[in-house]
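>
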Amino acid sequence: MLRLGLPGVALIVAWALVGMIAGATFGDGRSRARRALSGLGVVALLGMPFFAPREEMLARGLAALGGMLALMRWVESSRATQPPILPRAILFVLPVDGPSLAHAKPRIAKESLARAAVHASVLAIGAALVWLAPASLPARWPLRWLGGVMIAYGYLDVAASLARAVLAAFGLDVDPMQRDPILAKSASEHWGERWNRVVSSWLRRHVFLPVTRRTRSPRLALIAAFSFSVLLHAFMTLAALDVAHALTMGVYFVSQGAVVLLEGALPIARWPTPVQRAWTIGVVAGPSWLFVGPMLAMFGVP
């Protein structure tokens with residue numbers, strides 16, 4: 002059963018406070034000592050989930066994900082050539098694509114709120130399939146799988162759309178985290194251009210492009226980027242659950258890296274659009290229980 006008790010809430014609050022302190026300590030990045038102290042704060046964030054009670058699986062997973070976000074922000078800040086629009090104390094805990102932030106006229110982002118409402122319904126249907134399916138139902142496992150996919154699809158878009166709406170109210174614009182992943186025509190497009198662009202944009206800037214420049218091998222750079230993604234998701238799952246679930250999660254992203262490499266040898270661009278989308282849904286959603294299973298376990302679903 003889903004659990005978020007007082008220790009879990011305390012962990013998330015502590016993560017937010019330490020993350021903001023780490024960001025504030027970084028300052029303008031000119032002082033090596035301050036960068037080092039900020040880095041120690043990030044290390045503390047990465048270790049915090051392992052000291053929380055084992056039953057607080059969701060909080061441990063969220064805190065681990067937040068720690069990885071802070072690590073990404075630290076790397077990004079260390080390589081930045083211009084000061085950020087928002088204070089780093091906020092950026093270190095804000096799940097948006099920092100470099101895409103721009104000033105804009107304050108407004109009510111009706112399109113973002115509408116998008117959040119639509120995907121909240123997807124999230125709600127997914128949750129119903131997972132938690133309300135009768136135990137005696139023969140198709141319960143496939144329903145839970147489908148529900149888990151809908152939860153994963155819905156919650157990212159809800160969170161991202163609400164974040165964009167809040168920022169818009171304060172006169173800030175930011176690139177969307179999600180760009181209708183269901184419309185992707187290849188796994189490469191799904192992971193590189195449409196799904197969780199906070200992570201994919203960071204991987205492109207700080208892993209894919211640097212490795213490509215140094216090795217002149219886009220394939221090697223792609224392997225490096227997916228390797229970091231594997232480590233990110235496996236670490237989050239290890240902190241929340243155990244080694245077995247972390248390996249399961251890692252295998253899913255290894256499979257996705259292999260599919261993207263395979264697509265480089267396939268004439269996907271010449272396929273009819275329905276075939277492209279069927280292929281993408283098949284290779285991304287087909288093995289997704291490797292992702293959905295650990296995710297649901299964090300929510301306390303056996």
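If you use our numbering, the sequence shown corresponds to residues 2 to 303, in order.
A virtual CB, placed ideally from N, CA and C, is assigned to each residue, including glycine.
(1) Counting only the same chain and skipping the five closest in sequence on each side, list residues whose C-beta sits under 8 Å from that of residue 104.
(2) Check for me: the alpha helix (DSSP H) holding residue 199 runs from which residue to which?
(3) Could you tell me which uninterrupted alpha helix (DSSP H) segments, each at least 4 residues in length, are contained entirely in the region 3 to 28, listed from first to last along the chain?
(4) Just mark residue 258 as buried or exposed, buried being the case when its beta carbon has 16 or more other beta carbons within 10 Å.
(5) Closer than 6 Å by C-beta to residue 234: which residues in its own chain qualify, once you throw out the five before and the five after it? Chain order, please.
(6) Pick out whichever of 274, 214, 203 has its Cα sitting closest to the Cα of residue 99.
(7) Could you tell me how far apart the beta carbons of residue 284 and residue 185 are, in whole angstroms, since I believe they sit closer than 8 Å?
(8) Any idea if residue 216 is buried or exposed, counting beta-carbon neighbours within 10 angstroms, 16 or more meaning buried?
(9) Determine whether the beta carbon atoms of residue 95 and residue 164 lie at a separation below 9 Å.
(10) Is it buried or exposed, residue 83, if we count other Cβ atoms within 10 angstroms and call 16 or more buried?
(11) Can you tell me where the alpha helix (DSSP H) with residue 263 in it begins and where it stops?
(12) Using the rule of at least 16 other Cβ atoms within 10 Å of the residue's Cβ for burial, across every protein chain shown, is residue 190 buried or exposed?
(13) Taking the alpha helix (DSSP H) that residue 216 belongs to, which residues open and close that run?
(14) Closer than 8 Å by C-beta to residue 21: which residues in its own chain qualify, once you throw out the five before and the five after it? Chain order, please.
(15) To the nearest whole angstrom, what separates the beta carbons of residue 110 and residue 166, a pair I think is in contact under 8 Å?
(16) What residue range does the alpha helix (DSSP H) around residue 234 cover?
(17) What residue ranges within the region 24 to 82 form continuous alpha helix (DSSP H) runs of no fewer than 4 residues, ordered along the chain?
(18) Using DSSP's beta-bridge definition, name the partner residues of residue 173.
(19) Check whether the Cβ atoms of residue 326 and residue 101 sit closer than 9 Å, and answer yes or no.
(20) Classify residue 115 as helix, strand or coil using the three-state DSSP reduction.
Taking the definition as stated:
(1) In the sequence shown, the residue the question calls residue 104 occupies position 103. Cβ within range, chain order: 86, 172, 173, 174.
(2) Along the sequence shown, one-based indexing puts residue 199 at 198. Bounds of the alpha helix (DSSP H) holding residue 199 are 198 to 204.
(3) Those alpha helix (DSSP H) runs which fall completely within the region 3 to 28 and span 4+ residues are 7 to 27.
(4) As a first step, residue 258 must be located in the sequence shown, where it is residue number 257. The residue in question, residue 258, is buried, as its Cβ has 16 or more Cβ neighbours within 10 Å.
(5) Within the sequence shown, numbered from 1, the residue matching residue 234 stands at position 233. Result list for residue 234: 250, 254, in chain order.
(6) For this step, residue 99 is matched to residue 98 along the sequence shown. Among 274, 214, 203, the Cα nearest to that of residue 99 is on 203.
(7) Numbered from its first residue, the sequence shown carries residue 284 at position 283. Numbered from its first residue, the sequence shown carries residue 185 at position 184. The Cβ separation is near 11 Å, so there is no contact.
(8) As a first step, residue 216 is located in the sequence shown; it is residue number 215 there, counting from the start. So residue 216 counts as exposed.
(9) By one-based count along the sequence shown, residue 95 stands at place 94. By one-based count along the sequence shown, residue 164 stands at place 163. The answer is yes: Cβ separation under 9 Å.
(10) The count along the sequence shown starts at 1 and reaches residue 83 at position 82. Exposed: under 16 other Cβ atoms inside 10 Å.
(11) On the sequence shown, residue 263 is found 262 positions in, with the first residue counted as 1. Element bounds for residue 263: 244 to 264.
(12) Here residue 190 refers to the residue found at position 189 when the sequence shown is read from its first residue. Around the Cβ of residue 190, a 10 Å sphere holds 16 or more other Cβ atoms; the residue is buried.
(13) As a first step, residue 216 must be located in the sequence shown, where it is residue number 215. Note, residue 216: alpha helix (DSSP H), 210 to 216.
(14) One-based indexing of the sequence shown puts residue 21 at position 20. Closer than 8 Å at the Cβ level, and outside the excluded window around residue 21, lie 90, 91, 93, 94.
(15) Here residue 110 refers to the residue found at position 109 of the sequence shown. Here residue 166 refers to the residue found at position 165 of the sequence shown. That pair is a contact at about 4 Å.
(16) On the sequence shown, residue 234 is found 233 positions in, with the first residue counted as 1. For residue 234, the enclosing alpha helix (DSSP H) has its first and last residue at 219 to 241.
(17) Every alpha helix (DSSP H) of 4 residues or more that sits fully in the region 24 to 82 is shown, in chain order, as 33 to 48, 58 to 80.
(18) Numbered from 1 along the sequence shown, position 172 holds the residue referred to as residue 173. 104.
(19) Nothing about residue 326 can be reported from this structure: the residues present for the chain run from 2 to 303 only.
(20) The sequence position of residue 115 within the sequence shown is 114, counting from 1. Look at residue 115 here: in three-state DSSP terms it is helix.
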